[in-house]
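Q: Mind having a look at this structure? Questions to follow.
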Amino acid sequence: MRNPFTVRDGGRAHVPRTAATLMQLTATALLLVWLGQTATAFNLDTINFILKEGDPSSMFGFSVALHREQNNSWVIVGAPTANTSQPGVIKGGAVYRCDIYDDYRCYLLPFDTKAYWGYHRQGSCQAGFSAAITNDGSRLFIGAPGSYYWQGMYHTCPCRGLRTRVSF
1 MRNPFTVRDG GRAHVPRTAA TLMQLTATAL LLVWLGQTAT AFNLDTINFI
51 LKEGDPSSMF GFSVALHREQ NNSWVIVGAP TANTSQPGVI KGGAVYRCDI
101 YDDYRCYLLP FDTKAYWGYH RQGSCQAGFS AAITNDGSRL FIGAPGSYYW
151 QGMYHTCPCR GLRTRVSF
């Protein structure tokens with residue numbers, strides 16, 4: 001029986017270019033899938049690590065930024081789908097300040113405690129999707145890609161005086 005993908009020329013079998021290309025793409029795709037399944041994340045420092053935990057459904061830890069103010073060091077942690085105490089807002093996202101040295105608690109940084117914007121504009125804003133602090137440590141920026149009808153925006157607040165916040 002003849003193989004439809006094989007052409008005989010002078011006793012040697014040749015595979016047309018389209019079939020060879022298809023086989024190469026298939027082999028490459030299988031290799032990438034296999035490599036993707038074997039990839040794992042790891043912590044560089046397994047002895048002196050800091051463990052901060054939040055609600056897994058909030059995507060706690062999706063973004064992380066380090067911050068230092070005077071003698072205090074913090075980890076700013078984003079939780080894009082966290083539920084907060086905002087009235088009428090479901091999974092609006094949250095940002096937490098976690099003390100590195102003193103305890104294992106994290107404190108909620110309130111941005112909009114009264115939900116002034118309404119659910120249709122800010123309700124699922126996914127605040128904390130990204131976080132950044134200016135080089136001089138004076139301001140915190142929080143990305144919210146789902147806010148304002150999914151056009152996205154960022155929230156900002158000064159980093160000074162972030163000590164009196166709600167904890168979980």
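Per UniProt numbering: the sequence shown = residues 1 to 168.
In this text, a Cβ means the ideal position worked out from N, Cα and C, and glycines have one as well.
(1) Comparing alpha-carbon positions, which option in S58, S130, G137 and D136 lies nearest H155?
(2) Is the separation between the beta-carbon of A144 and that of A65 shorter than 8 Å?
(3) Along the beta strand (DSSP E) that carries L66, what are the first and last residues, could you check?
(4) Figure out for me which residue from I76, P87 and C106 has the closest Cα to the Cα of F141.
(5) Quick one: what does DSSP say L108 is sitting in, helix, strand or coil?
(6) With a threshold of 6 Å on Cβ separation, who are the neighbours of F168 within its own chain once the five nearest residues in sequence on each side are excluded?
(7) For the beta strand (DSSP E) containing A94, name the first residue and the last one.
(8) Under three-state DSSP, which class holds P145?
(9) For S73, write down the residues that DSSP places opposite it in a beta bridge.
(10) Per DSSP, what kind of secondary structure is L35 in: helix, strand or coil?
(11) Give me the Cα-Cα distance between W34 and N71, rounded to the nearest whole angstrom.
(12) DSSP three-state call for S138: helix, strand or coil?
(13) On the criterion of 16 or more Cβ atoms from any shown chain inside 10 Å, does T134 qualify as buried, or is it exposed?
(14) Mark S58 as exposed unless 16 or more other C-beta atoms lie within 10 angstroms of its C-beta, in which case mark it buried.
(15) Check S58 in the structure and name its three-state DSSP category.
(16) Suppose you measure from the CA of G93 to the CA of S138; what does that come to, to the nearest Å?
(17) Of all the options Q86, K91, A27 and L30, which has the alpha carbon lying nearest to the alpha carbon of P110?
(18) Got a sec: is the Cβ-Cβ distance from C106 to anything in chain C below 8 Å?
A: Inspection of the coordinates gives the following:
(1) Counting from 1 along the sequence shown, the entry for residue 155 is found at position 155. Measuring from the Cα of H155, the nearest candidate turns out to be S130.
(2) What you label residue 144 is simply residue 144 of the sequence shown in a count that begins at 1. What you label residue 65 is simply residue 65 of the sequence shown in a count that begins at 1. No, the Cβ-Cβ distance between A144 and A65 is not below 8 Å.
(3) Here residue 66 corresponds to residue number 66 of the sequence shown, with the count starting at 1. Segment S63 to E69, the beta strand (DSSP E) holding L66.
(4) The residue you call residue 141 lines up with position 141 of the sequence shown. For the residues I76, P87 and C106, the minimum Cα distance to F141 belongs to I76.
(5) As a position in the sequence shown, residue 108 is number 108, starting the count at 1. Here L108 sits in strand by DSSP.
(6) As a first step, residue 168 is located in the sequence shown; it is residue number 168 there, counting from the start. With a pLDDT of only 36 at F168, under 50, the local geometry of the prediction cannot be trusted, and the value read off the model is given with reservation. So the list is empty, once near-sequence residues are dropped.
(7) In the sequence shown, residue 94 corresponds to position 94, counting from 1. Counting along the chain, the beta strand (DSSP E) containing A94 begins and ends at A94 to D99.
(8) Numbered from its first residue, the sequence shown carries residue 145 at position 145. Residue state, collapsed to three classes: coil.
(9) Position 73 of the sequence shown, counted from the first residue, corresponds to residue 73. Paired residues: R68.
(10) What you label residue 35 is simply residue 35 of the sequence shown in a count that begins at 1. In the structure shown, L35 sits in a helix (DSSP, three-state: H, G or I).
(11) In the sequence shown, counting from the first residue as 1, residue 34 sits at position 34. In the sequence shown, counting from the first residue as 1, residue 71 sits at position 71. Roughly 47 Å separates the two Cα atoms.
(12) Numbered from 1 along the sequence shown, position 138 holds the residue referred to as residue 138. Three-state result, S138: coil.
(13) On the sequence shown, residue 134 is found 134 positions in, with the first residue counted as 1. With fewer than 16 other CB atoms across the displayed protein chains lying within 10 angstroms of its CB, T134 is exposed.
(14) To locate residue 58, count along the sequence shown from 1; it is residue 58. Its Cβ being crowded by 16 or more others within 10 Å, S58 is buried.
(15) For the purposes of this step, residue 58 is identified with residue 58 of the sequence shown, where counting begins at 1. Of the three classes helix, strand and coil, the one that applies to S58 here is helix, per DSSP.
(16) Taking the first residue of the sequence shown as 1, we reach residue 93 at position 93. Taking the first residue of the sequence shown as 1, we reach residue 138 at position 138. The straight-line gap from Cα to Cα measures roughly 23 Å.
(17) Sequence index remark: in the sequence shown, residue 110 carries index 110 (1-based). The residue with the shortest Cα to Cα distance from P110 is Q86.
(18) In the displayed structure, chain C is absent; only one protein chain is listed.
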